[in-house]
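With the first letter of the sequence shown counted as 1, position 4 gets the number 4 in the UniProt record's numbering; the numbers rise by one all the way through.
Okay, so here's the structure we're looking at.
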Amino acid sequence: MRMTVGQWRPAAAAVRRVGKPLGRVLCVLLLAALLLRLVWWPLWQAVEQARQAQLAQRVDADRMAALAKEWRALRSQPPVSVVPAARVSVLLTERANALGLDTDDWQLMQEAHGVRLRGEVGFDAWLALLADLQASHSVHVIDLQLEPASTGRVHVDAVFQGMGE
Numbered sequence: 001m002r003m004t005v006g007q008w009r010p011a012a013a014a015v016r017r018v019g020k021p022l023g024r025v026l027c028v029l030l031l032a033a034l035l036l037r038l039v040w041w042p043l044w045q046a047v048e049q050a051r052q053a054q055l056a057q058r059v060d061a062d063r064m065a066a067l068a069k070e071w072r073a074l075r076s077q078p079p080v081s082v083v084p085a086a087r088v089s090v091l092l093t094e095r096a097n098a099l100g101l102d103t104d105d106w107q108l109m110q111e112a113h114g115v116r117l118r119g120e121v122g123f124d125a126w127l128a129l130l131a132d133l134q135a136s137h138s139v140h141v142i143d144l145q146l147e148p149a150s151t152g153r154v155h156v157d158a159v160f161q162g163m164g165e
């Protein structure tokens, strides 16, 4: 079954008629794929990175706005007064008596880094004393150990220090 040249010519023409458009379509598809990969894909990645950066900048801007608001609120408060170490023990006793705490079994000792208080107190009264000292008198606790004593009462071992010391 050999084909002669005369038989090949019509077949070759038919292949050319189909092959040329098919080749053009394949070239267009290849060109589109290259364009997609080399141009569109990097642009799309750059846009996505820009969106992520913009989102991160919005979060940072919101956080900075919140910090600025907090700073303005703190700035409008009166300055914190400095309580000298010698005054802390007197202030502790005065405020405890004013709040009705029993200070008879308390031991107040002056230490290098503050005033140590040891004794037993009602837990609710202890919290009220701490809140009063910190909010109104700029005295805070730098070391604290609490152990339950009886119902509603605790053994306290605390070191107080005035702000600014």
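Here a beta-carbon is modelled for each residue, glycine too, at the ideal position from N, C-alpha and C.
For glutamine 145, DSSP records a beta bridge to Asp157. Of Ser76, Gln54, Ala53 and Gly119, the smallest CA-CA separation from methionine 109 is found for Gly119.
Distance check between alanine 128 and each of Leu101, Asp62 and Leu55 places Leu101 closest, using alpha-carbon atoms only. Comparing alpha carbon positions, the residue from Leu35, Gly152, Glu111 and Ser136 closest to phenylalanine 160 is Glu111. Glycine 162 and serine 138 do touch by the CB rule: their CB atoms are close to 6 Å apart, below 8 Å.
Listed in chain order, the alpha helix (DSSP H) elements of length 4 or more contained wholly in the stretch 68-141 are 85-98 and 123-137.
Scanning its chain for C-beta atoms nearer than 8 Å, with the 5 sequence neighbours on each side dropped, one finds around glycine 152 the residues Gly122, Phe123 and Asp124, in chain order.
The Cβ atoms of leucine 92 and valine 115 lie closer than 9 Å to each other. Excluding sequence positions up to five before and after valine 88, its CB lies within less than 8 Å of the CB of Gly114, Val115, Val139, Phe160, Gln161 and Gly162, all in the same chain and listed in chain order.
In this structure, valine 156 keeps its C-beta atom at 9 Å or more from the C-beta atom of proline 148.
Spanning the alpha carbons of leucine 36 and arginine 63 requires a straight line of approximately 39 Å.
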